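One structure below.
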């Protein structure tokens, strides 16, 4: 499906672009820690340690005013003392309000974000691409219907539609056994991983229209190509033409869109978990919502670290998206491809 | 096609889309596990109570009758009553709408005010430090969750430095305008308004600033390479005229369309920004109505949000058609 020319463009664009290389490095890093989380994380991300709560990240010393009251000779005396909290090398990114290790939580949060981002995108593409191809290929009523429906769904902001659907359907999640822990490795790590099922379905439902629109546009321009006409003249049936000739030639812009969608869905997932509409408590957005309560008392890292993690992941994916777009630019390549 | 007919056609299409929005919102209630009765009835309600509630809400009618009733009352501006507050949904939604519109407009003003100059400078000084900075900023801007940015802004500029307020909305923009002629101190009102709206507007506007910077930069680079720019330079036009009168004008046309289409993202972003800053708008209302299972309020809010999207996009098309008369003939 990928021609030599496309491959050459990708390679030369990659060689000349620092940003493309940075993007690949960032995404590989996030994918690596997400997959091997039980080995990479220094602690179990759910283990609480109240004696070690609110510890700052390495290099930061936090001073805090603590007020205690005690009874002295029948009178209440309030004593305010300044407490210095030093970082602990065991918790490089500090700990949250319950003493859970932030680095480990950030690492496990990568799993949630990536799984929702990738599965949500795959779901949206699986629904959207066939519908778009069929609408663009046959035109007429199917096409009109699809475009009107697309207009209507675009009128709902994806975040609003997503929280409305989750509000109506409830938030179901599935606990999946962690394969590494099940195989006997890293026994101190969580044995199961919570997959936010409803969230994945909802982000797919909310985003399929983008794939349908782009697939439709491609099918519209491809249906009148000589080779498609030739295939039709040779008696190939429509299903075969769409799958064998139209789809392969429409795949480039779909891949570019898919990349951008993974980033968009990661941001959407974090918004949903921030608002409490996820099904998991091990996610960057959820940690930011927890950390929000500590902002006024100065423990910025509890909300800060997961936010930086989101930025790293999304910047990486967007850089790859830019690289693919520059290398595969559908505008320039036109009908080329296979 | 004349521009008048073009606008008429767009309005008609818009009516169709709004009808679709209303129909989907109506149907949402029926894909809910647990009907509307559960939201209203006491937990220990017996069969008769439940039937009485169903009668009162019209839920015992066939679907098409309910749908017809719903459309008729919508046309009369009646979106039903809140299950929880017993207030009219229309009143409730429209009392929250101005705050959200104000926030969205402020964010758009921030975004347009920063992004277009930044994009132009970036394109005209390509591969210079200022271009690199703008590229980096716009990359970070489209990759940062706005709610997180909001929290970090609160941390630094409100909690630590105390320049802005952490949450809430003290005065409306209208009150600031009224203070110009009214008895209230204008400067005081303006400062109070700015202290509350600046951070949420920046948090919400950053994504759009970044997006439009990218669009303006690449659009300008595109336009500056075109033959008409070379021709304009060749006939000795000052560089400023070439850049701003010719190239920038053509760059802005697609930017306007994108801004219209991104309005959904802006409203979605406003929902979460409102949650961060306790901004008393439509977003706060949507989240509360979902948490309280107050479906009529949710439905009303969705209809108002969907309709605003359609209205703004018609407006965008009208502006677009006067900037670029070619679209009228498409």
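Protein chains in written order, with my numbering: chain A, 247 to 584; chain B, 605 to 934.
We put the CB at the ideal spot given by N, CA and C, even for glycine.
Since the structure is predicted, the reported quantities are computational estimates derived from the model, not experimental observations.
Legend: CB atoms of the region 749-761 of chain B lying less than 9 Å from CB atoms of chain A belong to residues 749, 750, 751, 752, 753, 755, 756, 758, 759, 760. Remark: three or more beta-carbon pairs, one from each stretch, lie closer than 8 Å, so the region 497-516 of chain A and the region 556-566 of chain A are flagged as touching. At the C-beta level, residue 381 (chain A) and residue 392 (chain A) come within 8 Å of one another.
Taken through DSSP and simplified to helix, strand or coil, residue 729 (chain B) comes out as coil. Using a 10 angstroms sphere on the CB of residue 623 (chain B), the tally of other CB atoms stays under 16, which defines it as exposed. Residue pairing by DSSP puts residue 421 (chain A) in a beta bridge opposite A:440. Closer than 8 Å to the CB of residue 890 (chain B) there is at least one CB belonging to chain A. The alpha helix (DSSP H) runs lying completely inside the region 751-829 of chain B and spanning 4 residues or more are 777-785, 790-828, given in chain order. Interface with chain A (8 Å Cβ-Cβ cutoff): residue 743 (chain B) is included. Judged by DSSP in its simplified three-state form, residue 347 (chain A) adopts strand.
Assigned with DSSP and collapsed to three states, residue 317 (chain A) falls in strand.
Taking 8 Å as the CB threshold, residue 855 (chain B) stays off the interface with chain A. Contact annotation, residue 468 (chain A) with residue 496 (chain A): C-beta distance approximately 6 Å; criterion of less than 8 Å satisfied.
Annotation for residue 552 (chain A): the continuous alpha helix (DSSP H) segment containing it runs 547-574. Interface with chain A (8 Å Cβ-Cβ cutoff): residue 747 (chain B) is included. In its chain, beyond the 5 residues on either side, 801, 805 have a beta carbon closer than 7 Å to the beta carbon of residue 710 (chain B).
Residue pairing for residue 685 (chain B): DSSP places it in a beta bridge opposite B:692. Neighbours of residue 913 (chain B) in chain A, taken as residues at a C-beta separation under 9 Å, are given in chain order as 400, 401, 402, 403. Of all alpha-carbon atoms in A:340, A:384, A:403, A:329, the one lying nearest the alpha-carbon of residue 449 (chain A) is that of A:403. Here DSSP, grouped into helix, strand and coil, assigns residue 541 (chain A) to coil. By the criterion of a C-beta distance shorter than 7 Å, residue 762 (chain B) is surrounded in its chain by 768, 769, 770, 803, once the five residues flanking it on both sides are discounted. The continuous alpha helix (DSSP H) containing residue 870 (chain B) extends over residues 867-881.
Taking every protein chain shown into account, the CB of residue 316 (chain A) has fewer than 16 other CB atoms within 10 angstroms, so this residue is exposed.
Pairing residue 464 (chain A) with residue 499 (chain A) gives a Cβ-Cβ distance under 8 Å.
Residue 478 (chain A) sits in a helix when the DSSP states are folded into three classes. Going by beta carbons, residue 359 (chain A) and residue 291 (chain A) fall outside the 8 Å limit.
Distance from residue 419 (chain A) to residue 442 (chain A) at the Cβ level is roughly 5 Å; contact confirmed, criterion being Cβ atoms closer than 8 Å. Neighbourhood of residue 521 (chain A) in chain B, by CB distance below 7 Å: 876, 879, 891, in chain order. When the five nearest sequence neighbours on each side are left out, the beta carbons in the same chain lying within less than 6 Å of the beta carbon of residue 718 (chain B) are those of 813, in order along the chain.
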